[in-house]
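Visitor:
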Amino acid sequence: MHDKSATNPVDVSAPPSGASASLTYEPFYGLREKAFSLSADPRFLFRSPTHAPAFDALLAGIRRREGLIVLTGEIGTGKTTLCRSVLQQLDRRTFAAFVPDPFVSREDLLKTLLLDFGVISIDDLTRGRFNGASRSDLSYPLYEFLDSLVPLQAFAVLVIDEAQNLSLGLLEEIRILSELERREKLLQVVLVGQPELRASLKLPQMRQVDQRVSVRCELTALDANGTAGYVNHRLSVAGGGDRRVEFTHAALGAIHRGSSGVPRLINRICDRALDRAHKEQSPRVDESFVWGAIDDLGLTPAPSVRERAEPIPFPAAKPSAVVGAATDSELKMLTDFAPESDRAGAASASAAPSANWSTWVAGAVASLIAFSASVVGVAWYLDAQTVIAAPLLPPRPAVTSLQSVSDLARTAASVAESLQTDPAAPGATSRPAPGGGYSIVVASFSARDRAERLVEELTSAGFRAQAVERDWGPPRGRLVQVNVGSYDSAIEVQRDLQRIRELPGGYSDARLVERR
Numbered sequence: 127m128h129d130k131s132a133t134n135p136v137d138v139s140a141p142p143s144g145a146s147a148s149l150t151y152e153p154f155y156g157l158r159e160k161a162f163s164l165s166a167d168p169r170f171l172f173r174s175p176t177h178a179p180a181f182d183a184l185l186a187g188i189r190r191r192e193g194l195i196v197l198t199g200e201i202g203t204g205k206t207t208l209c210r211s212v213l214q215q216l217d218r219r220t221f222a223a224f225v226p227d228p229f230v231s232r233e234d235l236l237k238t239l240l241l242d243f244g245v246i247s248i249d250d251l252t253r254g255r256f257n258g259a260s261r262s263d264l265s266y267p268l269y270e271f272l273d274s275l276v277p278l279q280a281f282a283v284l285v286i287d288e289a290q291n292l293s294l295g296l297l298e299e300i301r302i303l304s305e306l307e308r309r310e311k312l313l314q315v316v317l318v319g320q321p322e323l324r325a326s327l328k329l330p331q332m333r334q335v336d337q338r339v340s341v342r343c344e345l346t347a348l349d350a351n352g353t354a355g356y357v358n359h360r361l362s363v364a365g366g367g368d369r370r371v372e373f374t375h376a377a378l379g380a381i382h383r384g385s386s387g388v389p390r391l392i393n394r395i396c397d398r399a400l401d402r403a404h405k406e407q408s409p410r411v412d413e414s415f416v417w418g419a420i421d422d423l424g425l426t427p428a429p430s431v432r433e434r435a436e437p438i439p440f441p442a443a444k445p446s447a448v449v450g451a452a453t454d455s456e457l458k459m460l461t462d463f464a465p466e467s468d469r470a471g472a473a474s475a476s477a478a479p480s481a482n483w484s485t486w487v488a489g490a491v492a493s494l495i496a497f498s499a500s501v502v503g504v505a506w507y508l509d510a511q512t513v514i515a516a517p518l519l520p521p522r523p524a525v526t527s528l529q530s531v532s533d534l535a536r537t538a539a540s541v542a543e544s545l546q547t548d549p550a551a552p553g554a555t556s557r558p559a560p561g562g563g564y565s566i567v568v569a570s571f572s573a574r575d576r577a578e579r580l581v582e583e584l585t586s587a588g589f590r591a592q593a594v595e596r597d598w599g600p601p602r603g604r605l606v607q608v609n610v611g612s613y614d615s616a617i618e619v620q621r622d623l624q625r626i627r628e629l630p631g632g633y634s635d636a637r638l639v640e641r642r
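Quick note, the sequence shown lines up with residues 127 to 642 if you use our numbering.
(1) Name the residue from S612, N609, D597, R370 whose alpha carbon lies nearest to the alpha carbon of P153.
(2) Starting from L216 and walking both ways along the alpha helix (DSSP H), at which residues does that stretch end?
(3) Roughly how many angstroms lie between the CA atoms of R173 and L312, to the nearest whole one?
(4) In this structure, does DSSP put N257 in helix, strand or coil?
(5) Give me the Cα-Cα distance between R627 and A591, rounded to the nearest whole angstrom.
(6) Say whether chain C places a C-beta atom closer than 8 Å to the C-beta of S326.
(7) Just reading off the beta strand (DSSP E) that Q592 is part of, what are its end residues?
(8) Just how far apart, CA to CA, sit L251 and L292?
(9) How many Å lie between T547 and S386 at the Cα?
(10) Under the rule that 16 or more other beta-carbon atoms within 10 Å means buried, what is N351, buried or exposed?
(11) State the start and end residues of the unbroken beta strand (DSSP E) segment that holds L638.
(12) Can you give me the C-alpha to C-alpha distance between V644 and R190, rounded to a whole angstrom?
(13) CA-CA distance, R604 and A593?
(14) Nearest-angstrom Cα distance between L294 and E233?
(15) Rounding to the nearest angstrom, what Cα-Cα distance links W417 and R398 in this structure?
(16) What is the DSSP secondary structure of E152, reduced to helix, strand or coil?
(17) Please state if the CB of F170 and the CB of R360 are separated by a distance shorter than 8 Å.
(18) Have a look at V285 and F224 and give me their C-alpha separation to the nearest angstrom.
(19) Are the beta-carbon atoms belonging to V610 and S565 less than 8 Å from one another?
(20) Would you list the residues sitting across from Q624 in a DSSP beta bridge?
(21) What residues in its chain sit with their C-beta under 7 Å from that of G202, if we drop five residues either side in the sequence?
(22) Any chance the CB of A347 is under 7 Å from a heavy atom of the ligand MG?
(23) Using 10 angstroms around the beta-carbon of N393, count the other beta-carbons present and answer buried if the total reaches 16, otherwise exposed.
(24) What residue does the beta strand (DSSP E) around F229 start on, and which one ends it?
(25) Around the C-beta of F229, are 16 or more other C-beta atoms found within 10 angstroms, so that it is buried, or is it exposed?
(26) I need the DSSP call for K328, collapsed to helix, strand or coil.
(27) Hey, L213 and L345 are a contact pair by Cβ (cut 8 Å); roughly how many whole angstroms apart?
(28) Taking the beta strand (DSSP E) that Y356 falls in, what are its first and last residues?
(29) On the DSSP bridge assignment, give the partners of F224 in chain order.
(30) Quick one: Cα of S211 to Cα of I195, how far?
(31) Given this structure, state the Cα-to-Cα distance separating S484 from E200, to the nearest angstrom.
(32) For the beta strand (DSSP E) containing T198, list its first residue and its last residue.
(33) Using a Cβ-Cβ cut-off of 7 Å (strictly less than) and excluding sequence neighbours within five positions of R308, which residues of its own chain qualify?
(34) How close, in whole Å, do the beta carbons of L278 and M332 come, if the pair is a contact with beta carbons under 8 Å?
(35) By the DSSP assignment, the alpha helix (DSSP H) with L345 in it spans what residues?
(36) Got a sec? Which residues, its chain only, sit under 7 Å from R301 by beta carbon, not counting five neighbours each side?
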């Protein structure tokens, strides 16, 4: 029987030999090897809440020889790394063949299996021994090999990567191979691919294949906590527990936003951020290094550090003993810092007749007082001529005194007055802002092509998007800002703002602005 060293257990803690020759910033940070390489190294598998169950299901399915196994996931979610890690857990009685090219013919697939299982050698292929061999010529030695494993209580596994690209003819060949059995399956088949693979298996002509799938697993992107765990896990593996580098909390948050939790993108961002930090001889990788890396890689719609605005300070409360009219600045601060739900409620309440306005004011004051202690963050106003991407949220002060309550009530009354419906226009739902109402700023870019791609994406999603180029002067220079719509209704703009923030691209930085 032929044994394959590739399937034998190895020391997963040892770095690959010769790795130090290609290291750059790694020695400075105490890393013995590349922590964020794009290669599918099973030693770096991070058992996230989605990867760990998939790992266990694949391993159990292979050991139980349960027919076809299907693993799917978006590009870069770690499917290949997971499969190689599973194969590494199998014992010496398991023969594994990994096919990375799904565009091979039936004959080429059989040759690959014979080569990986050790039935034929590379010399056999290079000398042309199997040139022109038919499917039958190649099938018989394969069947003979698989049959020889039965008395040895051994078995074989076939993993096909990028299986969403398999032709229907090749899928049929794989189905036939997966059905070879005595008392148990002789060949366990694992199909690995993008979500399109699931759709292909649901085609009417593929029902014979689909019905034989016994294990289905799906990998998804990491959440914020998973991203932080992934980064620290890879640093620990590469550093052997003795690394001298730290990503700050803000940096890890930026990595998640820039990568959307996709492991491959996380690797690219971290590698570039470490390179930037190394050039500054910084032992800490902070947020600025990460945003710079995201800009270097051209990832969108992640905002640039250069385009970030300074946070607006929260105003100190002014002493007041009575509920009176607020100043213009106080009115602006309350409407800007109020949660979206408060602003939307205020806008809808503005449709009430003026005769009931005092009742609404009393209710608004009571609501603001009741919720002020539980609100932990604020959202602030973005002027139409301010570029802002990822503001840091200052804490909202709690109402701790009668004086603070008085200020809050006074400002609430002013808000109510400003939102009141014009009595001369019965039935109006909101009062448009002077000079054009509202719009939404989604993002700003230094490159126009990136802005135009975002405009196309938003337009296809049903939004009235446009790119506006402006010269902001030093240090920002010329930037292209992507805006959506011009709204007369505060209710409509809040609705579309929420829709934009929930788009798959991750536009959580989209902000409402009041046009002047």
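C-beta atoms are modelled at their ideal positions from N, C-alpha and C, and glycine is treated no differently. Please read these numbers as outputs of a predicted model, since none were measured by experiment.
Guide: In terms of the structure at hand:
(1) R370
(2) Where L216 is concerned, there is no enclosing alpha helix (DSSP H), given that its DSSP letter is neither H nor E.
(3) 30 Å
(4) Collapsing the DSSP output to three states places N257 in coil.
(5) 14 Å
(6) In the structure shown, chain C cannot be found, because there is only a single protein chain.
(7) Start and end: 591 to 597.
(8) 23 Å
(9) For T547, the predicted structure reports a pLDDT of 37, less than 50, and the residue's modelled location is therefore unreliable. A value from the coordinates is still provided. Taking the straight line from one Cα to the other gives about 42 Å.
(10) exposed
(11) Start and end: 637 to 640.
(12) A query on residue 644 cannot be resolved here, the shown segment of the chain reaching from 127 to 642 and no further.
(13) So the two alpha carbons sit approximately 13 Å from each other.
(14) So the alpha carbons of these two residues sit roughly 15 Å apart.
(15) 10 Å
(16) helix
(17) In this structure, F170 lies closer than 8 Å to R360 by Cβ.
(18) 5 Å
(19) yes
(20) Its beta-bridge partners do not exist; DSSP assigns none.
(21) V388, P389, R390, L391
(22) Among the ligands in the structure shown, none appear at all, so the ligand MG cannot be discussed.
(23) buried
(24) That residue, F229, is in no beta strand (DSSP E); it is neither H nor E in DSSP.
(25) exposed
(26) Reduced to three states, the DSSP call for K328 is coil.
(27) The pair is not a contact, with the Cβ atoms about 16 Å apart (cut-off 8 Å).
(28) Y356: not part of any beta strand (DSSP E); member of the alpha helix (DSSP H) spanning 350 to 365, first to last residue.
(29) V285
(30) Taking the straight line from one Cα to the other gives about 16 Å.
(31) With a pLDDT of 45 at S484, under the threshold of 50, the modelled position of that residue is not reliable, and the figure given next carries that caveat. Each residue's alpha carbon lies about 55 Å from the other.
(32) 194 to 199
(33) Only residues of its own chain outside the window of five on either side were considered, and among them V276 have a CB closer than 7 Å to the CB of R308, listed in chain order.
(34) That belief does not hold up - the Cβ atoms of L278 and M332 are roughly 34 Å apart, past 8 Å.
(35) First-last for L345: 339 to 345, but that is the beta strand (DSSP E), not the alpha helix (DSSP H).
(36) Leaving aside the five residues that flank R301 on each side, the residues in its chain whose CB is nearer than 7 Å to its CB run, in chain order, Q334, V335, R338.
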